[in-house]
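To keep things clear, I will list the structure first and then write my remarks on it.
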Amino acid sequence: MDINSGRIGGMEVYCGSRCRGRCAKAGFQGRCIKYCGICCRQCKCVPSGTFGNKHQCPCYRDKLSSKENPSALNPILFP
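My numbering numbers the first residue of the sequence shown as 35 and each following residue consecutively.
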């Protein structure tokens, strides 16, 4: 899917779909989808699967919280 297509909301559709898949097994799906969406819009990618594979999207992997704390993106909440 071309996330830069001329369609309105192309990035929202891409991120929504990818984050729903990524967060399918998360303990707190709403929170996972919210933060995954933020990262997806900024990074323009989401790692495949429901856990791990963060090497596929270094921007997503290296994302920090507003307090510059990588542990804030807890893998239980944010795989």
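Backbone N, C-alpha and C define an ideal beta-carbon position, used for all residues, glycine too.
Buried versus exposed call for Gly86 [16 or more other C-beta atoms within 10 Å across all chains shown]
With fewer than 16 other Cβ atoms within 10 Å, it is exposed.
Among the residues of its own chain, which have a CB less than 7 Å from the CB of Gly40, if the five just before and after it don't count?
Its pLDDT being 47, under 50, Gly40 is placed unreliably in this model, and the value from its coordinates should be taken loosely. Counting only Cβ-Cβ distances below 7 Å, and skipping sequence neighbours, we find nothing.
Mapping DSSP to helix, strand and coil, what is Ala106?
Confidence at Ala106 is low in this model, with a pLDDT of 46, below 50, so its placement is unreliable and the value that follows should be read with caution. In this structure, Ala106 counts as helix in the three-state DSSP scheme.
Cys57 vs Ile72 beta-carbon contact at 7 Å:
Not closer than 7 Å, so no.
Hey, Tyr69 and Cys79 are a contact pair by Cβ (cut 8 Å); roughly how many whole angstroms apart?
Not confirmed; about 15 Å, so no contact.
If you follow the alpha helix (DSSP H) that Cys57 is in, where does it begin and where does it stop?
That residue, Cys57, is in no alpha helix (DSSP H); it is neither H nor E in DSSP.
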